[in-house]
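Numbering-wise, numbering that gives the first Met the number 0 puts 214 at position 215 of the sequence shown, and it's gapless, one number per residue.
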Amino acid sequence: MMLKDKVAVIYGAGGAIGGAVARAFAREGAETFVTGRLRPPVEAVAEDIVSAGGSAEAAQVDALDERAVDEHLRSVIDKAGRVDISFNAVGIPDTKILGVPLVEQDVEQFSLPITTYAMSYFLTARLAARRMIANESGVIMTVTALHSRTGIPLVGGYGPAQAVKEALTRNLSAELAPHGIRVVGLRPQAMPEADTIREAFEPRAKATGMTWEQFQDSLASRTHARRLMTLAEMANVAVFMASDKASGMTGTTVNLTMGSLDD
Ligand SMILES: NC(=O)c1ccc[n+]([C@@H]2O[C@H](COP(=O)([O-])OP(=O)(O)OC[C@H]3O[C@@H](n4cnc5c(N)ncnc54)[C@H](OP(=O)(O)O)[C@@H]3O)[C@@H](O)[C@H]2O)c1
């Protein structure tokens with residue numbers, strides 16, 4: 000087991016990526032603390048993990064609320080003694096962000112993803128790091144998208160928001176790696192099992208005239224493998240990156256676009 004006895008906190012664990020990562024971490028032996036904005040989705044993930052023989056505890060934590068994140072981490076330390084892995088998989092609805100050309104966006108719409116994603120990642124990373132520094136060990140992780148590195152129309156502030164998170168990963172690493180803390184990100188392309196990809200498609204459907212199937216085919220055609228990644232494949236990489244086997248990797252975001260984006 001690659002994460003035996005590691006203590007992992009996952010934010011946005013009721014979502015597609017957070018849930019897949021939490022399940023994979025637990026399968027590899029981690030004690031998982033799954034959190035989300037609402038309790039029922041994270042409870043469902045925790046129940047799945049426990050019924051599969053893993054360890055999970057669910058909590059309602061708004062990952063934009065500094066006090067809630069801090070109090071939850073305090074309770075994790077009280078129960079488990081430390082936090083080894085912090086994974087921020089928070090995602091906000093794309094319907095408020097996508098589908099409107101930049102020249103037609105107002106400041107509020109444009110800045111919503113930038114401020115929300117940056118603030119949540121900053122808060123969860125900073126509060127975890129404060130605990131990890133005491134142990135001289137830990138891994139801080141997040142997930143971005145290829146919009147951070149390539150021009151895509153009608154995505155508003157989503158691309159800049161992903162670029163901010165990747166910059167924060169590098170800068171956190173530059174400060175925290177001397178304390179034994181690694182900071183790494185995952186940059187998957189669209190995984191069609193996630194409802195978010197369908198939601199991201201809808202506002203652009205009218206503009207592009209594509210059906211859902213054509214949209215998936217067009218994304219897949221840009222990968223070397225001519226197919227899109229699965230959540231399970233992404234979660235396997237997350238396990239490796241969180242594990243001590245990846246001790247040589249920090250300050251980077253792993254390109255999981257299967258060739259769609261060159262490094
Ligand atoms: N899915 C993909 O293929 C893909 C690919 C590349 C990048 N990404 C990015 O990865 C991230 C997650 O994607 P996803 O597909 O897993 O999205 P998702 O299924 O919508 O999950 C996001 C989760 O974050 C939760 N959340 C939102 N605001 C929160 C807050 N303030 N505090 C705590 N939890 C909060 C949501 O809870 P509620 O539903 O209760 O709001 C939801 O459970 C997004 O940034 C997305 O853009 C996704």
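Quick reminder that beta carbons are idealized off the backbone N, C-alpha and C, glycines included.
DSSP bridge partner residues for residue i (one or two, in chain order)
{"i": "residue 30", "result": "6, 54"}
{"i": "residue 141", "result": "87, 184"}
{"i": "residue 254", "result": "186"}
Where residue i sits in the DSSP three-state scheme
{"i": "residue 113", "result": "helix"}
{"i": "residue 260", "result": "coil"}
{"i": "residue 59", "result": "strand"}
{"i": "residue 35", "result": "strand"}
{"i": "residue 246", "result": "coil"}
{"i": "residue 118", "result": "helix"}
{"i": "residue 263", "result": "There is no way to answer for residue 263, as the model of the chain reaches only from 0 to 262."}
{"i": "residue 82", "result": "coil"}
{"i": "residue 48", "result": "helix"}
{"i": "residue 123", "result": "helix"}
{"i": "residue 94", "result": "helix"}
{"i": "residue 99", "result": "coil"}
{"i": "residue 64", "result": "coil"}
{"i": "residue 130", "result": "helix"}
{"i": "residue 42", "result": "helix"}
{"i": "residue 104", "result": "coil"}
{"i": "residue 12", "result": "coil"}
{"i": "residue 70", "result": "helix"}
{"i": "residue 150", "result": "coil"}
Where residue i falls, given that 16 or more other Cβ within 10 Å makes a residue buried
{"i": "residue 135", "result": "exposed"}
{"i": "residue 240", "result": "buried"}
{"i": "residue 102", "result": "exposed"}
{"i": "residue 73", "result": "exposed"}
{"i": "residue 174", "result": "exposed"}
{"i": "residue 39", "result": "exposed"}
{"i": "residue 124", "result": "buried"}
{"i": "residue 3", "result": "exposed"}
{"i": "residue 265", "result": "Coverage of the chain is limited to positions 0 through 262, which leaves residue 265 absent and any answer about it impossible."}
{"i": "residue 170", "result": "exposed"}
{"i": "residue 66", "result": "exposed"}
{"i": "residue 149", "result": "exposed"}
{"i": "residue 93", "result": "buried"}
{"i": "residue 71", "result": "buried"}
{"i": "residue 22", "result": "buried"}
{"i": "residue 37", "result": "exposed"}
{"i": "residue 220", "result": "exposed"}
{"i": "residue 233", "result": "buried"}
{"i": "residue 164", "result": "buried"}
{"i": "residue 146", "result": "buried"}
{"i": "residue 181", "result": "buried"}
{"i": "residue 27", "result": "buried"}
{"i": "residue 161", "result": "buried"}
{"i": "residue 158", "result": "buried"}
{"i": "residue 119", "result": "buried"}
{"i": "residue 25", "result": "buried"}
{"i": "residue 210", "result": "exposed"}
Cβ separation of residue i and residue j, assumed to be a contact under 8 Å, to the nearest whole Å
{"i": "residue 29", "j": "residue 84", "result": "7 Å"}
{"i": "residue 263", "j": "residue 82", "result": "Only positions 0 to 262 of the chain appear in this structure, which leaves residue 263 out of reach."}
{"i": "residue 206", "j": "residue 196", "result": "Rounded, the Cβ-Cβ distance is 16 Å, inconsistent with contact."}
{"i": "residue 9", "j": "residue 86", "result": "5 Å"}
{"i": "residue 192", "j": "residue 230", "result": "5 Å"}
{"i": "residue 249", "j": "residue 176", "result": "5 Å"}
{"i": "residue 63", "j": "residue 154", "result": "Rounded, the Cβ-Cβ distance is 21 Å, inconsistent with contact."}
{"i": "residue 33", "j": "residue 55", "result": "6 Å"}
Cβ of residue i within 7 Å of any chain D Cβ
{"i": "residue 241", "result": "No chain D appears in this structure, which consists of one protein chain only."}
Taking only runs of the alpha helix (DSSP H) that begin and end inside the region 153–241, which ones reach a length of at least 4 residues, in chain order? Within the region 153–241, the complete alpha helix (DSSP H) runs of at least 4 residues are 157–175, 194–207, 211–220, 230–241.
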